[in-house]
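Novice: Numbering (our numbering), first residue to last: 1 to 55.
The structure's right below; bear with me while I get my questions together.
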Amino acid sequence: MAYVGSEDSRLYALQIDDGRRLWRFKIPNGWVFAPVVWDGFVYFGTSDNELFKLR
1 MAYVGSEDSR LYALQIDDGR RLWRFKIPNG WVFAPVVWDG FVYFGTSDNE LFKLR
C-alpha cells in the first residue's frame, strides 16, 4: 500500500500492484506533509500544524 497527500487536501491509500484507490481522507485544513506508517497507523501533519493518526 502507498499513502500520498494531494493538492486537493486529501490523503489517499493506493494499492501498489494496480494503483487502485483503497480509501481517501479529507484533510479539514491545508495540505498533507509526508505520511509515515508505524505500528499499523498512518501519521501525517498538515499545513495548520495538526497531527493526524489513522488506522
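Quick reminder that beta carbons are idealized off the backbone N, C-alpha and C, glycines included.
If you check the beta carbons only, do Gly5 and Leu11 fall under 7 angstroms apart?
Specialist: Yes, they are a contact pair.
Novice: Could you please give me the residues that DSSP links to Leu57 through a beta bridge?
Specialist: Missing from the structure shown is residue 57; the chain here goes from 1 to 55 and no further.
Novice: So, helix, strand or coil for Ala34, using DSSP?
Specialist: coil
Novice: Count the other C-beta atoms from every protein chain shown that fall within 10 angstroms of the C-beta of Phe41, then say buried if there are 16 or more, exposed otherwise.
Specialist: exposed
Novice: With a threshold of 16 other CB atoms inside 10 Å of the CB of Val36, please say whether the residue is buried or exposed.
Specialist: exposed
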